[in-house]
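Residue numbers (the numbering used here): 4 to 122.
One structure is given here, and the rest of the page talks about it.
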């Protein structure tokens with residue numbers, strides 16, 4: 004293999020690929036990436052269609068509840084960001100006093116108070 008280890012573990016010096024071989028490899032990579040991109044676009048369209056169908060079957064009450072949940076989520080997210088900024092400005096490096104420095108408190112989901120150990 005070019006630039007890697009040989010089958011017996013010895014280092015093989017890399018050699019420049021001939022122009023035709025390099026061009027061929029380049030075309031193969033472009034073709035493979037294009038296929039992957041097309042597949043991701045199709046998948047995204049399927050997901051979007053499913054979401055649109057789901058939203059179309061929601062009752063007005065479900066729409067209202069969804070809006071409330073989204074609004075609270077944005078508010079909580081903004082408060083968390085502000086709290087993190089205040090903590091960093093206080094010189095604590097993003098950690099709250101008494102915590103291990105894990106992400107959003109281990110085991111603490113949205114709306115749950117963080118566990119603080121005081122010794």
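The C-beta atom is built at its ideal place from N, Cα and C for all residues, glycine as well.
Keep in mind the model is a prediction, meaning the values are calculated, not measured.
Spatial distance of residue 82 from residue 74 (CA atoms): 12 Å
Contacting residues, own chain, Cβ-Cβ under 7 Å from residue 70 (five flanking each side not counted): none
Bounding residues of the alpha helix (DSSP H) (the contiguous stretch that carries residue 93): No alpha helix (DSSP H) holds residue 93; DSSP gives it neither H nor E.
C-alpha distance - residue 23 paired with residue 43, whole-angstrom precision: 30 Å
Reduced DSSP secondary structure (H/G/I, E/B, other) of residue 61: coil
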